[in-house]
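Asker:
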Amino acid sequence: MSDPIRSRQARDLAERALVRLAHVYGEVPEFVLLGGLVPDLLCSGAAHPHVGTTDVDLQVDLEIQGGSMNASRLERALKRAGFTPDSARVWRWKDETVRGSVVKIEFLADLDEVANHQTFSFDDCESLGAVNLRGTGFASQDWELRTMTADIDGQPTTVELRVATLPAYLLAKIHAAHGRRLPKDWYDIAYVLLHNDDGGPDAGARRVVERFGDALGGSTSTALEELAANFTDPASQGSVAYTDTMFGLHSDLDRDVLANDAVAAVSTFIDALRAHDS
């Protein structure tokens with residue numbers, strides 16, 4: 151996949167589309183927000199706000215547990231909210247109601263009985279399904295209700311949504327980075343470690359251990375090792391990805407400081423997790 155353009159306008163379009171979907175759904179949806187809108191919520195006090203994209207990732211394990219009635223209700227809400235299915239990908243729907251822009255909502259699952267990266271369709275749905283991605287299930291295990299407001303049809307509209315917590319988001323993103331190795335994932339991880347409202351990388355590690363301390367082995371351990379390897383020094387690809395993205399958005403910042411901050415944040419985070427295991 152290409153790395154989508156990041157801007158506050160793109161983020162606002164994604165937020166508006168999601169609020170419209172949740173409003174049409176009619177009550178708190180079972181899906182959990184996991185993607186590009188989450189860092190801004192986890193890092194609300196950051197001096198330089200996170201810049202998202204028009205992509206929205208929704209984890210749907212809880213919808214699936216609710217059975218086919220939940221899935222068909224979600225599909226009806228998508229259609230009523232103006233979304234259209236991607237004919238080649240049942241896990242992606244598009245909102246093109248704003249001329250010249252496309253908001254993509256992607257539905258992710260983490261089911262043991264389905265192979266990693268396998269796509270599947272929901273029962274009693276015409277065009278709705280999900281792609282199974284290991285690590286996204288952390289979001290369905292640890293979420294919190296948050297309010298989100300956007301202007302819909304000229305009226306401020308507020309909805310409640312399930313949103314991945316700091317530890318769930320970090321572990322899901324670390325798995326995503328391990329599987330995709332995309333610059334946007336390295337940027338997101340370093341940004342949230344540095345700027346989260348809980349107090350930085352030490353706090354992030356503490357939250358991860360408190361909630362998922364028993365789940366840090368296996369594939370998660372491998373993904374954490376890769377994270378560390380990609381932030382070994384300022385020239386590592388993770389450090390460069392964070393630095394290039396931040397400097398591209400905020401040219402007044404110092405590239406050397408950005409790179410070293412990213413290296414220190416990941417090192418602190420990994421060291422704290424290793425201390426828990428020892």
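In this text, residue positions in the sequence shown follow the working numbering: the first is 151, and each later residue adds one.
Using N, Cα and C, we set each Cβ at its ideal position, and we do this for glycine too.
The model shown is predicted, which means the values in this text are computed figures rather than measured ones.
(1) Taking 8 Å as the cut-off, is the C-beta of residue 228 nearer than that to any heavy atom in the ligand PLP?
(2) Just list the alpha helix (DSSP H) runs in the region 189 to 253, keeping only unbroken ones of 4 residues or longer that don't cross its boundaries, in chain order.
(3) Go through its chain and collect everything with a Cβ distance to residue 253's Cβ below 6 Å, but skip five positions before and after it.
(4) Would you grab the beta carbon distance between residue 262 and residue 344 for me? Rounded to a whole angstrom, and I think it's under 8 Å.
(5) Output yes or no for whether 9 Å exceeds the beta carbon distance between residue 293 and residue 314.
(6) Along the chain, where does the beta strand (DSSP E) containing residue 310 start, and where does it finish?
(7) With which residues is residue 280 paired in a DSSP beta bridge?
(8) Tell me the residue span of the alpha helix (DSSP H) that contains residue 395.
(9) Residues in the same chain with beta-carbon distance under 6 Å from residue 265, minus the five sequence neighbours each way, listed in chain order, please.
(10) Would residue 309 and residue 210 be called neighbours here (beta carbons separated by less than 9 Å)?
(11) Do residue 195 and residue 161 have their C-beta atoms closer together than 9 Å?
(12) Find out if the Cβ-Cβ distance for the pair residue 333, residue 238 is shorter than 9 Å.
(13) Just tell me which of 181, 199 and 176 has its CA closest to the CA of residue 399.
(14) Alpha carbon to alpha carbon, how far is residue 207 from residue 283?
(15) When the Cα atoms are used, what is the spatial distance from residue 340 to residue 330?
(16) Given this structure, state the Cα-to-Cα distance separating residue 323 from residue 274, to the nearest angstrom.
(17) Pick out the complete beta strand (DSSP E) segments inside the region 308 to 375, 3 residues or longer, and give them in chain order.
(18) Could you give the residue range of the beta strand (DSSP E) that holds residue 382?
(19) Look up residue 184 in the DSSP assignment and say whether it is helix, strand or coil.
(20) Could you compute how far the alpha carbon of residue 251 sits from the alpha carbon of residue 278?
(21) If I follow the unbroken beta strand (DSSP E) through residue 286, where does it start and stop?
(22) Please report how far the alpha carbon of residue 215 lies from the alpha carbon of residue 287, in whole angstroms.
(23) If we call anything under 9 Å between Cβ atoms a contact, is residue 377 one with residue 427?
(24) Determine the closest residue to residue 256 out of 270, 404 and 349, with distance taken between C-alpha atoms.
(25) Please go through the same chain and pick out, in chain order, the residues whose beta-carbon is closer than 7 Å to the beta-carbon of residue 496, but skip the five residues on each side of it.
(26) Which value, in whole angstroms, describes the spacing of the CA atoms of residue 222 and residue 301?
(27) Under three-state DSSP, which class holds residue 402?
(28) So the alpha helix (DSSP H) residue 300 belongs to, where does it begin and stop?
Answerer: Result, derived from the coordinates:
(1) With respect to the ligand PLP, the structure offers nothing, as it holds no ligand at all.
(2) 211 to 215 and 218 to 230
(3) 163, 164, 167, 204 and 245
(4) About 34 Å separates the two Cβ atoms, so there is no contact after all.
(5) yes
(6) 305 to 314
(7) 270
(8) 387 to 399
(9) none
(10) no
(11) no
(12) no
(13) 199
(14) 12 Å
(15) 16 Å
(16) 31 Å
(17) none
(18) Unbroken run through residue 382: none, as it is neither H nor E.
(19) coil
(20) 22 Å
(21) Where residue 286 is concerned, there is no enclosing beta strand (DSSP E), given that its DSSP letter is neither H nor E.
(22) 13 Å
(23) no
(24) 270
(25) Residue numbering for the chain in the displayed model covers 151 to 428; residue 496 lies beyond these limits and cannot be assessed.
(26) 26 Å
(27) coil
(28) Counting along the chain, residue 300 falls outside any alpha helix (DSSP H), though it belongs to the beta strand (DSSP E) covering 293 to 302.
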